[in-house]
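Accompanying notes for the structure given below.
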Amino acid sequence: MTELLASPPDVDTGQEIGRARRRKEDAKLVNGQTLWTDSINLPGMAHFALLRSPMAHARITSVDVSAARALPGVIAAFSGADLADQLGSLPTAWPVTPEMVSPPHPPLAVDEVRYAGDAVAVVVARDRYTAADALEAISVDYDPLPAVVDLEAALAEGSPLVHADAGTNRCYVWPFAGGDYAAAKAAADVVVRRRFVQQRLLPTAMEPRAVVVDPVAASGEITVYSATQIPHVLRLMLALTIGIPEQKIRVIAPDVGGGFGSKLDVYAEEVIGVVLAQKLGRPVKWTESRSEGYQATIHGRGQIQDIEIAARRDGTILGMSVDLLADMGAYLQLVTAGVPLLGAFMYPAIYKMDAYSFTCTGVFTTKTPTDAYRGAGRPEATYAVERIIDELAHELGRDPVDLRRQNWIRHEEFPYTTIAGLTYDSGNYEAATAKALALFDYDGLRAEQAARRDRNDPVQLGIGVSTFTEMCGLAPSRVLGSLSYGAGGWEAAGIRMLPTGKVEVVTGASAHGQGHETAWSQIAADLLGVPFEDVEVIHGDTQSSPKGMDTYGSRSLVVGGVALHLAAGKVVDKARRIAAHLLEASEDDVQFDKGVFSVKGSPEAKLTIQEVALATFAAHNLPDGMEPSLDSDAVYDPENFSYPHGTHLCAVEVDTETGRSTIRSYVCVDDVGSVINPLIVEGQVHGGLAQGIAQALYEEAAYDADGNLLTGTMADYLLPSAADLPAFVTDRTETPATSNPLGVKGVGEAGTIASTPAVINAIVDALRPFGVNDLAMPATPERVWRALHGGADGGGAR
Amino acid sequence: MIPARVEYVAPHSVTEAVGALVEAGEDAKVLAGGQSLLPVLRLRMAYPSVLVDLGRIDGMRGVREEGSSVVVGAMTRHSDVIDDPLVRRYAALLASATATVADPQVRHRGTFGGALAHADPAGDLPAVAVALDAEMVAEGPGGRRTIPASEFFVDYLQTALEPGEILCEVRIPKLDGEWSAHYEKFNRTAQAWAIVGVAAAVRRSNGTIVEARVGLTNMSSTPVRARGVEAALAGASADAATVADAATRAVEGTNPPSDLSGQADYRSHLATVLTRRAVSRAAHIG
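Those protein sequences? They're chains L and S, same order as listed. The first sequence lines up with residues 0 to 797 when you count with numbering that gives the first Met the number 0. The second sequence lines up with residues 0 to 285 when you count with numbering that gives the first Met the number 0.
This is the structure we're talking about:
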């Protein structure tokens, strides 16, 4: 059981940044006063439901919706063919190579279904129950086609094709290299090679997806409410996809209950909702059920990683080679193709080496499309590199921490440009690791491990380490451009000083559980010198927050927070000019501290920022030609990514009789740069750890050979709860980012990225004496048991 | 997850409930705590015409003592079973197993009788009923009858209940004095079904196991009484080696399923390990 740990105390230091403020958002959340998309009910609103293919791959020979249409309460029913012209094709924003195969992606399948869950028809009814009944009245004839499930088989000569017109299941090949890996390998004493499999995961946000569309026929305006992470991107994409003039579309992300990347997409249901609302001239709503979402919402991960590391006998790493097969699923969603590329630069991780070679092959299969899931590319990369470093340590007979220490970038070497071409601005791996080892009692646990081995204890102990870094704060627009991504990576912020001295902060980062309202209030309060309570943060509506690139990739604070910093600077600069004018002083003599403008040498001559705001509103006495407003907008485009890092240590007890692995202790020391709110950081780390541990031990979207999702409900897809997780020991080191004025690095994905390899390394470490050198994820008790009895990796256990 | 249309009746007596079932015919379904039935309805895996809700029949709830038996009303919630003093004293195995069912929310809605009548071999309570020689008291159009647990579970999700019959209460022979019990459940997450479970009650006198009752969860399409283990333990020395030896007989007469949560050979292995652990815990060995 997880113990209740004391949360960081909220100490009033006279400064908001750094305070462990309780989140502003939470009172509303825990009191049930949130506005979810599914809570929205509009006059005349109809409900739509989608009939989904039960087969992974089939030709549609006929769709008959007439019986559904005839049911009482049914307003309309359409096949894919009925709406094909209006629905068009769903967008993908990341054509990673010019040759990439990018097949059409009809929101409603017309001729062929390509995964179990692909929608084939839609009904609109007066209520959800009638809509669900009407689905059963639709008859569809399918002519089965062979499923394409296995990635390697999909690329083999003669494989059935997911998209026959493409002539191949190969979506793209994306190579990347730094240095000469062949030379490094030739010079190496030791080469270790492994194949790791990143199983598919089902993102399971607390709030399912939902969409409500409200059309105004007379003016052509349309409002889309969606449980989305990306209202701004969605607006743009709806304009580009359906051809509605962009200025006529308003997208609102009301309260959104988590996303983890699964709501970073433009989905069929959003497009279908818009088309139906326009066609019928009335509001429509759709809310997914959980089992529907497990098929129709993107999946995460899904890669086969062939990784090789070359080193000298003394432990010096010379180079690394990575060959990926990445499962695209049946279609390319918004950033499907690009997800593995976000990992491409991370395999060298914190280690110095002279050569690196990477190739990713995107592969179509007849499965639900994959896309970004918490960490997106970086957890996969971190897993592979942190696993193979342990294998190298084992091969060399070295302590895994010691081998890492020998090869990592030392703190005095920053900024450091890696072999993958990234320039890490800052970091201190020595400090984080030293702190983590001390908290973990590494030496004591190693001694216990030895004792258990000696006495042949049925419960063996294993220790796993993960010294991760990641690139986040997505992203410098120029870099995104060089990777062929369809948009930039800037973020916008606005500040409006109100006449009463209160403050509205507008952010383009669309929060869905992260705590932006609290953190942005803390930043604005400090920079403007106003009380925390006086700041209101506005987000998630393209009308009130017109400019933004939204929330994903641990970017909100690192990009959006810095935009707020810039906007605050503009407000203070203008307020200073107005204060100087009112105080009849030279601008250069007016200083600003904690919300008060004062004149150097005349301490009694001062004005608060609130007084300046009121004077600006009245506009009775402003400098000649100055506009009477104390508002500002800023857009920040980062010059570099940010690079949080940390050291995670996991001790696992493995019951060799049953194969069960139980985490005994978990220590992590993360360095996410400067911290705005330690309580929010703590929450992000805990949630991230839970998701990363879940990949190691519990979760797997399993498919059978026919392409059926076997884990289609929560009864079969095992999500751990608090009861299944240990008490985490978390701590931090703070090495401020030098790439932005707040010194922040981002924390949204760190726990997920770091924890998976720490757990698996620990289990493998426990089982080394039994000849076990790898384990397929999730490391179920049965897999561990089979590995113990077969000496294999347990991969075929399920 | 939208159920199809279904009629709903909530009778106030067993007689009324039986009447409602008979009237509705074979497409009627009895609703107890709903913890298995409602998901089935929401997934549209079943289309009953009528739900007969037993939730308003007061007489079906609660635990009482009747001579040498503890009688548990079929509509007694799991959470009430766990805390009941009679159950804890005379049927400790039931309390031990019920405490592992799903999560607190489910235990506050789900019922003992519902779990038995659902007859899911992965459910924790059928194995307990079989191990404790419970008797199922059912009422139907032909009146009341008693069905021994050993005859009640017929096949996967199938019981000996006839159409129109309702499981009303369960009579559990008291195990008093030197009996102690333990339910050893093996699952991957706290809320998950048992991959295998072992229900063990042991009567120990000094250094000897006088008598043992062992039931297995999810080792066949019905709960299994591990008679071979019981025979090996009866009169045996209460030591680790003897128990381990007896536990190897746990797989006798089983036919474990192979599914997403475990292959048959793994389940057989687990049954042996978990039987040893359950009996050892119950007998305070090791």
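A virtual CB, placed ideally from N, CA and C, is assigned to each residue, including glycine.
Closest Cβ-Cβ distance between residue i and chain L: below 8 Å?
i      : result
S/A246 : no
S/R187 : yes
S/M135 : no
S/M0   : yes
S/Q262 : yes
S/V193 : Contrary to the premise, residue 193 of chain S reads as Ala rather than Val in this sequence. It does not: the Cβ of S/A193 has no partner Cβ on chain L nearer than 8 Å.
S/L259 : yes
S/Y265 : yes
S/Q190 : yes
S/V272 : yes
S/L42  : yes
Going by other Cβ atoms of all chains shown within 10 Å of its Cβ, with 16 needed for buried, is residue i buried or exposed?
i      : result
S/Y265 : buried
L/L402 : buried
S/A45  : exposed
L/N847 : Limits of chain L in this structure are 0 at one end and 797 at the other, which puts residue 847 of chain L out of reach.
L/Y697 : buried
L/Q798 : Nothing can be reported for residue 798 of chain L, as the shown portion of chain L is limited to 0 through 797.
S/Y7   : exposed
L/M345 : buried
Consult DSSP for residue i and reduce its assignment to one of helix, strand or coil.
i      : result
S/W178 : strand
L/I868 : Any question about residue 868 of chain L goes unanswered here, given that chain L covers just 0 to 797.
S/G112 : helix
L/I297 : coil
L/I308 : strand
L/R373 : coil
L/L34  : coil
L/S597 : strand
L/F640 : coil
L/D179 : coil
S/A270 : helix
L/I418 : coil
L/S290 : helix
L/E220 : strand
Go through its chain and collect everything with a Cβ distance to residue i's Cβ below 6 Å, but skip five positions before and after it.
i      : result
L/E535 : E503
S/G113 : A31 and G32
L/Q405 : G314
L/T607 : G594 and V595
L/I462 : L444, A650, A761 and D764
S/R108 : G32 and Q34
L/A474 : G488
S/I1   : none
So that I know if they touch, is there some Cβ in chain S lying closer than 8 Å to that of residue i?
i      : result
L/P71  : no
L/Y423 : no
L/L717 : yes
L/W285 : no
L/R289 : yes
L/P7   : no
L/T779 : yes
L/S543 : no
L/E656 : yes
L/W784 : yes
By Cβ distance below 7 Å, which residues in the same chain neighbour residue i in space, the five residues on each side in sequence not counted?
i      : result
L/G793 : Confidence at L/G793 is low in this model, with a pLDDT of 45, below 50, so the placement of that residue should be treated as unreliable; the coordinate-derived value is given next. Once the five neighbours on either side are set aside, the close Cβ partners of L/G793 are L774, A775, R782, V783, R785 and A786.
Would a C-beta distance cut-off of 8 Å place residue i and residue j closer than the cut-off?
i      : j      : result
L/S465 : L/Y372 : no
S/E183 : S/A277 : yes
S/D52  : S/A9   : yes
S/I208 : S/A235 : yes
L/V338 : L/V273 : no
L/H56  : L/P145 : yes
S/T221 : S/P147 : no
Can you list, in chain order, the residues of its chain with a C-beta nearer than 8 Å to that of residue i? Leave out the 5 residues immediately preceding and following it.
i      : result
L/D164 : P102
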